[in-house]
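When the letters of the sequence shown are read in order and numbered with the numbering used here, they come out as residues 1 to 100.
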Amino acid sequence: MVSSLDRWASQKAGAEAIDVRQLVEIELGSSADAECVAEALASFGSKLRENHGHWTVTTWQDDDEIVPVLDALHQCLDDRDIHSVRISVDGRKYVMERVS
1 MVSSLDRWAS
11 QKAGAEAIDV
21 RQLVEIELGS
31 SADAECVAEA
41 LASFGSKLRE
51 NHGHWTVTTW
61 QDDDEIVPVL
71 DALHQCLDDR
81 DIHSVRISVD
91 GRKYVMERVS
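Put into structure tokens, the structure is as follows:
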């Protein structure tokens, strides 16, 4: 994981070789929900994985792409009536809930 300070120092020094994309992982409880999320995030290069009955949708995004990813995810929660999903962004964990 590249810290914000490391990113700033590298950008300040003119280094362009550092990848500043962040891993976004979304954990879901059913294959149907996971397929909906994977489809909603297809334009962001998402990948769907299943492991022992747990589904994860992953994508790598730049900082300025995180909000559009979260917006698309939120729309999917509303459309499919999914109560909540667990999200990890660059190792930090969150829960997104559908607001009725």
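Cβ coordinates follow ideal geometry from the N, Cα and C atoms, glycine included.
How big is the Cα-Cα spacing for residue i and residue j?
{"i": "valine 69", "j": "leucine 41", "result": "7 angstroms"}
{"i": "aspartate 78", "j": "valine 99", "result": "8 angstroms"}
{"i": "aspartate 71", "j": "isoleucine 87", "result": "13 angstroms"}
{"i": "lysine 102", "j": "arginine 49", "result": "Here the chain has residues from 1 to 100 only, and residue 102 is not among them."}
{"i": "serine 30", "j": "tryptophan 60", "result": "22 angstroms"}
{"i": "alanine 34", "j": "isoleucine 66", "result": "19 angstroms"}
{"i": "phenylalanine 44", "j": "glutamine 22", "result": "12 angstroms"}
With 16 as the cutoff for other CB atoms within 10 Å, does residue i come out buried or exposed?
{"i": "valine 20", "result": "exposed"}
{"i": "aspartate 64", "result": "exposed"}
{"i": "valine 103", "result": "Absent from the structure is residue 103, since the part of the chain shown begins at 1 and ends at 100."}
{"i": "serine 46", "result": "buried"}
{"i": "alanine 38", "result": "buried"}
What is the DSSP secondary structure of residue i, reduced to helix, strand or coil?
{"i": "arginine 92", "result": "strand"}
{"i": "isoleucine 82", "result": "coil"}
{"i": "isoleucine 87", "result": "strand"}
Tell me the residue span of the beta strand (DSSP E) that contains residue i.
{"i": "valine 99", "result": "Valine 99 -> no beta strand (DSSP E), and no H or E assigned at all."}
{"i": "glutamate 25", "result": "22-28"}
Could you name each continuous beta strand (DSSP E) segment of 3 residues or more that falls completely within the stretch 35-63, going from the start of the chain to the end?
Here the runs fully enclosed are 47-51, 54-61.
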